[in-house]
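*Asks:* Numbering-wise (the numbering used here), the sequence shown opens with residue 12 and increments by one.
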Amino acid sequence: MICRNKSRDDLSKLILRLFIACLGALSVAATSPEQVTNTPIHHIIVVMQQNHTFDNYFGTYPNANGIPPDTCIPISLSDRRNSACISPFHIGTQPIVDLNHSGHTFEAQYGNGDMNGFVDALFKRNQDGTLAMGYFDDRDLPYYWNLADEFVLFDHYFSSAHDGSIKNRMYWVSGTPGNGINRIPSGGFHGIPTIFDRLQERGISWKFYINNYDPKLNYRSLKELDQLPPQIQWVPLLSFDRFLDDPDLASRIVDLEEYFTDLHNGTLPAVSYVLLLGATEHPIADARLGQRKNKEMIQALMQSDEWKSSAFLITYDDWGGWYDHVPPPQVDKYGYGFRVPALLISPYARKGHIDHTQLDHTSVLKFIETNWNIPALAERDARANNFLSAFDFSSAPRDPVFVSSVRKAPEPRVEPRRIVIYVAYGSAMIFAVLILVRAGNTTKKLLKHSSSFAGSQEESET
Numbered sequence: 012m013i014c015r016n017k018s019r020d021d022l023s024k025l026i027l028r029l030f031i032a033c034l035g036a037l038s039v040a041a042t043s044p045e046q047v048t049n050t051p052i053h054h055i056i057v058v059m060q061q062n063h064t065f066d067n068y069f070g071t072y073p074n075a076n077g078i079p080p081d082t083c084i085p086i087s088l089s090d091r092r093n094s095a096c097i098s099p100f101h102i103g104t105q106p107i108v109d110l111n112h113s114g115h116t117f118e119a120q121y122g123n124g125d126m127n128g129f130v131d132a133l134f135k136r137n138q139d140g141t142l143a144m145g146y147f148d149d150r151d152l153p154y155y156w157n158l159a160d161e162f163v164l165f166d167h168y169f170s171s172a173h174d175g176s177i178k179n180r181m182y183w184v185s186g187t188p189g190n191g192i193n194r195i196p197s198g199g200f201h202g203i204p205t206i207f208d209r210l211q212e213r214g215i216s217w218k219f220y221i222n223n224y225d226p227k228l229n230y231r232s233l234k235e236l237d238q239l240p241p242q243i244q245w246v247p248l249l250s251f252d253r254f255l256d257d258p259d260l261a262s263r264i265v266d267l268e269e270y271f272t273d274l275h276n277g278t279l280p281a282v283s284y285v286l287l288l289g290a291t292e293h294p295i296a297d298a299r300l301g302q303r304k305n306k307e308m309i310q311a312l313m314q315s316d317e318w319k320s321s322a323f324l325i326t327y328d329d330w331g332g333w334y335d336h337v338p339p340p341q342v343d344k345y346g347y348g349f350r351v352p353a354l355l356i357s358p359y360a361r362k363g364h365i366d367h368t369q370l371d372h373t374s375v376l377k378f379i380e381t382n383w384n385i386p387a388l389a390e391r392d393a394r395a396n397n398f399l400s401a402f403d404f405s406s407a408p409r410d411p412v413f414v415s416s417v418r419k420a421p422e423p424r425v426e427p428r429r430i431v432i433y434v435a436y437g438s439a440m441i442f443a444v445l446i447l448v449r450a451g452n453t454t455k456k457l458l459k460h461s462s463s464f465a466g467s468q469e470e471s472e473t
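Structure, rendered in structure tokens:
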């Protein structure tokens with residue numbers, strides 16, 4: 012009887028274990044692929060801005076690899092009699108222009124690694140080359156500098172290609188330079204897989220958000236247009252037939268307003284790429300527009316439930332003709348190009364950290380591939396470094412923090428003031444004089460007393 016009861020108990024336990032195992036299997040099957048990540052980051056948002064170098068934006072940021080002291084770039088590399096040079100200067104309210112940033116300009120400015128042709132190259136293209144040496148600082152970029160204080164600033168993030176938005180943005184989405192020419196083919200791009208294709212295959216959500224999106228503008232519109240609209244040039248997917256003709260793929264290229272709706276509804280996709288059309292900071296645009304739009308996006312993210320599992324990256328497609336002092340490593344015939352600014356905002360981002368890891372636009376792909384277990388798209392992203400060093404996953408996620416658009420005055424240096432030094436020095440001198448005077452008086456008294464004593468002794472002897 013006891014054996015029978017034990018058998019029934021064992022059978023009941025076995026059935027219960029099988030039931031729990033089935034529930035676990037069903038739970039795993041029901042889990043969205045985007046929730047199965049190798050880090051606590053379930054959402055990455057990448058904003059790619061336009062045409063600035065690291066030195067142009069953060070060259071004077073404390074402790075970063077910024078503009079070296081005594082930098083002065085020659086005005087002319089061909090006229091040996093002209094020894095004049097231009098030092099970096101704060102642009103301030105000086106008007107700027109869209110500096111030439113073609114492949115030929117890159118080669119001339121790069122100078123086989125000498126990094127001394129920034130001024131000369133632009134003068135030879137009938138532009139004021141001195142402007143290349145201008146820089147912005149915390150007076151012009153208070154919000155970005157405050158973000159760097161609070162989160163992560165990368166000072167070795169390079170553009171992927173020597174020239175142009177099209178090639179650099181193709182590296183951003185596909186790990187390749189497209190057709191290797193900084194132009195959109197007349198028939199669009201074919202046979203090039205993108206990160207969005209891989210995400211789609213795996214059932215991982217994604218969107219490409221565009222500020223002021225016009226769904227009618229794509230590469231097929233070029234025959235009817237006199238010039239290339241920025242939307243077509245800066246959103247590579249609009250030059251792929253499949254992203255225009257497949258309703259499911261096309262529905263994921265949306266206006267930026269959907270970003271805020273998705274945050275409110277808890278439907279932010281796993282991977283978000285962003286074009287801030289009209290606020291890209293492309294010269295001659297006002298950098299305050301880009302700061303304002305990024306701040307709006309970041310604040311909305313911080314106020315949402317998604318903040319605790321998100322990473323927000325801001326970077327720039329190419330250098331725009333501006334000066335940078337770090338020679339870019341030449342990994343192949345297309346790149347790297349010069350350094351560009353890059354900031355990482357996340358509850359897991361190291362606070363006030365300057366990250367020196369060598370990165371480029373394909374490092375974004377590398378992070379996505381590593382985080383969601385996706386194979387590399389091409390050789391570049393396979394070899395790219397990841398920016399995992401910018402995170403601290405050993406600590407709990409940080410609470411949201413309000414980052415102001417007003418730059419706080421730097422802390423005053425702790426050093427003695429001159430007047431204090433003078434007073435202290437004077438006091439010491441007076442004290443020393445008093446000691447000497449007192450010593451002198453004491454000596455006189457002793458001598459007088461000694462003389463009196465000697466006189467009394469003589470009288471006694473007489």
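The C-beta atom is built at its ideal place from N, Cα and C for all residues, glycine as well.
#1: Mark GLN60 as exposed unless 16 or more other C-beta atoms lie within 10 angstroms of its C-beta, in which case mark it buried.
#2: Report yes if the C-beta distance between ALA67 and TRP245 is below 8 Å; otherwise report no.
#3: Starting from LYS218, trace the beta strand (DSSP E) both ways and give me its first and last residue.
#4: If I measure Cβ to Cβ from PRO338 and keep anything under 6 Å in the same chain, skipping five residues before and after, which residues do I get?
#5: Between the beta-carbon of HIS367 and the beta-carbon of ASP166, is there less than 8 Å?
#6: Quick check: the stretch 353-362 against the stretch 402-414, are at least 3 beta-carbon pairs closer than 8 Å?
#7: Select from ASN223, PHE219, TRP330 and PHE169 the residue whose C-alpha is nearest the C-alpha of VAL57.
#8: May I ask you to list the residues that DSSP assigns as paired with VAL265?
#9: Does the beta-carbon distance from ASN179 to ASP328 come in below 8 Å?
#10: Considering only the alpha carbon of each residue, which of PRO79, TYR72, ALA95 and ARG136 lies closest to ILE86?
#11: Give the list of continuous alpha helix (DSSP H) stretches no shorter than 4 residues that lie fully inside the stretch 62-110.
#12: Compute the Euclidean distance between the alpha carbons of PHE271 and ALA132, then round it to the nearest angstrom.
#13: Here's a check: name, in chain order, each residue in its chain whose Cβ is nearer than 6 Å to the Cβ of PRO99, leaving out the five neighbours to either side.
#14: Which whole runs of the alpha helix (DSSP H) in the stretch 359-384 are 4 residues long or more, in chain order?
#15: CB LEU300 to CB ALA290, shorter than 8 Å?
#16: For my contact list, ILE9 and ASN74 are in at a C-beta cut-off of 8 Å; report their separation, rounded to the angstrom.
#17: Between the alpha carbons of ASP266 and ARG150, how many angstroms are there, rounded?
#18: CB-CB under 7 Å to TRP318, same chain, minus the five flanking residues each way: which ones, in chain order?
#19: Let me check understanding here. Comparing Cα to Cα, which of ASP174, SER415, LEU279 and ARG391 lies closest to SER185?
#20: DSSP has ASP343 in a bridge; who is on the other side?
#21: Give the straight-line distance between the Cα atoms of PRO247 and ILE52, rounded to the nearest whole angstrom.
#22: Does the separation of the CB atoms of ILE325 and LEU286 fall below 8 Å?
#23: In terms of residue numbering, what span does the alpha helix (DSSP H) encompassing VAL130 cover?
#24: Kindly provide the ranges of any alpha helix (DSSP H) runs that are 4 or more residues long and lie completely inside the stretch 173-239, ordered along the chain.
#25: What residue from ASN382, VAL375, PRO294 and GLY363 has the CA that sits closest to VAL108's CA?
#26: Going along the chain, which residues of its own chain have a beta-carbon closer than 8 Å to the beta-carbon of ASP316, five neighbours each way excluded?
#27: Quick one: what's got a C-beta closer than 6 Å to LEU274's C-beta in the same chain, skipping five residues either side?
#28: For ALA401 and PRO153, what's the separation of their Cα atoms in angstroms?
#29: Assuming the contact rule is C-beta atoms closer than 8 Å, GLY199 and SER250 should be a hit. Round their C-beta distance to whole Å, please.
#30: With C-beta atoms as the reference, is PRO352 less than 8 Å away from PHE169?
#31: Using the Cα positions of ALA119 and ARG194, report the straight-line distance between them to the nearest angstrom.
#32: Once you ignore the five residues that flank GLU161 on each side, which residues in its own chain have a CB closer than 7 Å to its CB?
#33: May I ask you to report which of helix, strand or coil DSSP gives LEU286?
*Replies:* Looking at the atomic coordinates:
#1: Under the 10 Å beta carbon count, GLN60 is surrounded by 16 or more other beta carbons and is classified as buried.
#2: The question names Ala, but residue 67 in the sequence shown is Asn. No, the Cβ-Cβ distance between ASN67 and TRP245 is not below 8 Å.
#3: DSSP places LYS218 inside the beta strand (DSSP E), whose first and last residues are 217-221.
#4: Cβ within range, chain order: GLY124 and MET126.
#5: For HIS367 and ASP166, yes; Cβs fall inside 8 Å.
#6: Yes, they touch.
#7: Considering only alpha carbons, the answer is PHE219.
#8: TYR220, per the DSSP bridge assignment.
#9: It is a contact, given that the beta carbons lie within the stated cut-off.
#10: Minimum Cα distance to ILE86 is reached at ALA95.
#11: Counting only unbroken stretches of 4 or more residues, the alpha helix (DSSP H) elements lying wholly within the stretch 62-110 are 65-69, in sequence order.
#12: About 43 Å.
#13: Non-local beta-carbon contacts of PRO99 in its own chain, meaning distances under 6 Å to residues more than five positions away in sequence, involve ILE78, THR82, MET144 and TYR146 in chain order.
#14: Listed in chain order, the complete alpha helix (DSSP H) runs (minimum 4 residues) inside the stretch 359-384 are 373-383.
#15: It is a contact, given that the beta carbons lie within the stated cut-off.
#16: With the chain covering only 12 through 473, there is no way to say anything about residue 9.
#17: Put simply, the backbone Cα of ASP266 is about 31 Å away from that of ARG150.
#18: Excluding residues within five positions, the ones whose Cβ falls inside 7 Å are LEU312, PRO358 and PRO411.
#19: Here the closest residue by C-alpha is ARG391.
#20: Paired residue(s): GLY346.
#21: For PRO247 and ILE52, the distance between alpha carbons rounds to 25 Å.
#22: No; because the gap between Cβ atoms is not below 8 Å, this pair is not in contact.
#23: Per DSSP, the unbroken alpha helix (DSSP H) holding VAL130 starts and ends at 129-134.
#24: Fully enclosed alpha helix (DSSP H) runs of 4 or longer: 176-185 and 206-213.
#25: The option with the nearest alpha carbon to VAL108 is PRO294.
#26: Once the five neighbours on either side are set aside, the close Cβ partners of ASP316 are GLY277.
#27: Closer than 6 Å at the Cβ level, and outside the excluded window around LEU274, lie ALA311 and SER315.
#28: Computed Cα separation, rounded: 22 Å.
#29: The beta-carbon distance between GLY199 and SER250, rounded to whole angstroms, is 5 Å. This is short enough to meet the 8 Å contact definition.
#30: The criterion of a C-beta distance shorter than 8 Å is not satisfied by PRO352 and PHE169.
#31: Going from the Cα of ALA119 to the Cα of ARG194 covers about 21 Å.
#32: LYS362, GLY363, VAL412 and VAL414.
#33: Correct three-state label for LEU286: strand.
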